[in-house]
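Okay, so here's the structure we're looking at.
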Amino acid sequence: MFMKMEKLIRSPGNGFKVEGFEELLRHARRRVDTALKRIWRPEAAVGVVESPLGDLLVAMTHRGIVLNHYLLDDGDLAATLEKIRLQLDLVENPQPIKEVGVEIRRYLAGEAKALRRNIDLHLAASPFQEKILRKLQEVPRGAVVSYQGLSAAAGAPKGARAVGNAMHNNPVPIYVPCHRVIASDGGLGGYAGGARRKVQLLRSEGFALEDGDVKLPGKSVWGHRATNIYCRTNCRTAARADRSRILFFADPQHAQQAGLRPCKICRPDARVSDERAICRKT
Amino acid sequence: MGREKLQLPIAFEQIMQRHEREIMRYLLRVSGNREDAADLFQDTWLRAYRAYPTLDPARDVRPWLYAIAVNLCRNRARDGARRARVIVAENEETPAENTRGKPDHALNENDGYAAVHLRDLMSALPARQREAVHLRYFAGLDYAGIAAAMDCSQDSARANVSHAMKKLKSLW
Numbered sequence: 164m165f166m167k168m169e170k171l172i173r174s175p176g177n178g179f180k181v182e183g184f185e186e187l188l189r190h191a192r193r194r195v196d197t198a199l200k201r202i203w204r205p206e207a208a209v210g211v212v213e214s215p216l217g218d219l220l221v222a223m224t225h226r227g228i229v230l231n232h233y234l235l236d237d238g239d240l241a242a243t244l245e246k247i248r249l250q251l252d253l254v255e256n257p258q259p260i261k262e263v264g265v266e267i268r269r270y271l272a273g274e275a276k277a278l279r280r281n282i283d284l285h286l287a288a289s290p291f292q293e294k295i296l297r298k299l300q301e302v303p304r305g306a307v308v309s310y311q312g313l314s315a316a317a318g319a320p321k322g323a324r325a326v327g328n329a330m331h332n333n334p335v336p337i338y339v340p341c342h343r344v345i346a347s348d349g350g351l352g353g354y355a356g357g358a359r360r361k362v363q364l365l366r367s368e369g370f371a372l373e374d375g376d377v378k379l380p381g382k383s384v385w386g387h388r389a390t391n392i393y394c395r396t397n398c399r400t401a402a403r404a405d406r407s408r409i410l411f412f413a414d415p416q417h418a419q420q421a422g423l424r425p426c427k428i429c430r431p432d433a434r435v436s437d438e439r440a441i442c443r444k445t
Numbered sequence: 748m749g750r751e752k753l754q755l756p757i758a759f760e761q762i763m764q765r766h767e768r769e770i771m772r773y774l775l776r777v778s779g780n781r782e783d784a785a786d787l788f789q790d791t792w793l794r795a796y797r798a799y800p801t802l803d804p805a806r807d808v809r810p811w812l813y814a815i816a817v818n819l820c821r822n823r824a825r826d827g828a829r830r831a832r833v834i835v836a837e838n839e840e841t842p843a844e845n846t847r848g849k850p851d852h853a854l855n856e857n858d859g860y861a862a863v864h865l866r867d868l869m870s871a872l873p874a875r876q877r878e879a880v881h882l883r884y885f886a887g888l889d890y891a892g893i894a895a896a897m898d899c900s901q902d903s904a905r906a907n908v909s910h911a912m913k914k915l916k917s918l919w
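Next comes the structure, spelled out in structure tokens:
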């Protein structure tokens, strides 16, 4: 009789056929699906993209690009994947990732003037940081703001350091232009992907910068958010201006394009031949 | 740093499709009734989904899934025992006595009775031995898998199974 016991113990139904097993499974599966919906992590396609700024780890959800991460060293890829797996279900889907790569390369080469992909700030570390990042998206190509200016614009006038943190934790650099945030004195400040990349990005957006530069070039102008006027950086009105309301532009053309008018005192739009006259006035 | 290094874990959906049947079968067998099995099935997958990102991709998912199921069954048995002490009146039948009747869907009469007999013997085993037998013979895990699922050493998994089998043999 023992042999039979051994046979029984291995048999799938323990001697019984489970009646309506499929139906039970379907029913249970429906319940699981409903319950899972509440804790569902968004699905995201991931892939590595090559660019002049080095390799980037890119992730896309159905809402848009959710991660664009500079791969700085060999261990970085695995560590980052492990981290984002807690918030995203990663799937393989090379097509949208490839498109992002093309867009970034064209943008850096100056062929595309804007990045037009939707952005998903799902990975933003806090609601405050998300707000800062959204506000930052209003800074156009060819302009930069100060950490202080951005914090004031986002409604936290004393939050310049917090803005710095938000920039450091920006999950989608390049797309959310954290490279367009600099120190209020015109110094370029740091960058999560390294200052070299910041210079490279700003240069591709029209700033006359060389590798190793740490300050904005002299050609750049200050724009006032309140008055919609732009000045040379050495204009006497600019020196008095509220720093939190200042945008920096790469050159007068960019300021003009953003809808600002030139200052009548320092005449930043004047040609080089007129410079002498203006110097006396300022 | 190449594309080929990007190794993604298997999608959770796929894991569910691959293993939902055996998990359901296991839970049905261990809990012995459909409502409990359905509840445990839901809890198992919810827990698995929450914990999935922290699972080492190199690890085998099956023992991991069974570990979750085993723990949930243990919890339920414990809570059930607590509840039963409060609710069930003294002269009521115990569940084991309920199952002694003739099964409806036996392959043939003797098999059916043998199955009921086996089930009774199993329910008399100590909990850990019962779990080990379930995992070894019903789920078909190897000893490394049982050890992972029950969070014990391979040796004790082996010992649990062999003690249980010896006992079943002697009582059969």
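Keeping their order, the protein sequence lines are chains W and A.
Those letters in the first sequence? Residues 164 to 445, per this note's numbering, in order.
Those letters in the second sequence? Residues 748 to 919, per this note's numbering, in order.
C-beta atoms are modelled at their ideal positions from N, C-alpha and C, and glycine is treated no differently.
Every value quoted in this text rests on a predicted model; they were computed, and no experiment measured them.
Asked	Found
Rounded to whole angstroms, what's the CA-CA distance from L299(W) to C394(W)? Just pull it up for me.	22 angstroms
According to DSSP, is V326(W) helix, strand or coil?	helix
Quick check on the DSSP output: the beta strand (DSSP E) that includes R395(W) runs from which residue to which?	392 to 395
For A814(A) versus I770(A), is the C-beta spacing smaller than 7 angstroms?	no
Can you find the residues in the same chain that come closer than 7 angstroms, C-beta to C-beta, to A896(A), ignoring five residues on each side of it along the sequence?	P810, Y813, A814, V817, L882, L888
What did DSSP end up calling P425(W) once you bin it into helix, strand or coil?	strand
P800(A) versus chain W: which residues are under 7 angstroms apart at the beta carbon?	R248, L249
Look at the alpha carbon of V384(W) and the alpha carbon of A346(W), and state the distance between them as a whole number of angstroms.	15 angstroms
Quick one: which chain A residues come within Cβ less than 7 angstroms of E255(W)?	L755
From the beta carbon of V302(W), is the nearest beta carbon of chain A less than 7 angstroms away?	no
Look at the alpha carbon of V808(A) and the alpha carbon of P380(W), and state the distance between them as a whole number of angstroms.	57 angstroms
Can you tell me which of R430(W), I295(W), Y270(W) puts its alpha carbon nearest to the alpha carbon of R279(W)?	Y270(W)
With a threshold of 7 angstroms between beta carbons, is L199(W) in contact with chain A?	yes
How would you list, in chain order, the residues of chain W whose beta-carbon sits under 7 angstroms from the beta-carbon of E767(A)?	L188, R192
Opposite S309(W) in the DSSP bridges: which residues?	I345(W)
Given a cut-off of 7 angstroms, decide if L244(W) and P205(W) are closer than it, judged by their beta-carbon atoms.	no
What residue range is occupied by the uninterrupted beta strand (DSSP E) comprising L220(W)?	219 to 224
Give a yes or no on whether 7 angstroms exceeds the smallest Cβ distance from W811(A) to chain W.	no
Please identify the residue among G183(W), L219(W), E185(W) whose C-alpha is closest to the C-alpha of Y338(W).	L219(W)
Using a Cβ distance threshold of 8 angstroms, determine whether the region 761 to 770 of chain A contacts the region 863 to 882 of chain A, with at least three qualifying pairs required.	no
Helix, strand or coil for A208(W), going by three-state DSSP, please let me know.	strand
Using DSSP with H/G/I as helix, E/B as strand and the rest coil, what is F370(W)?	coil
Between which two residues does the beta strand (DSSP E) harbouring I337(W) extend?	It is not in any beta strand (DSSP E) - I337(W) carries neither H nor E in the DSSP assignment.
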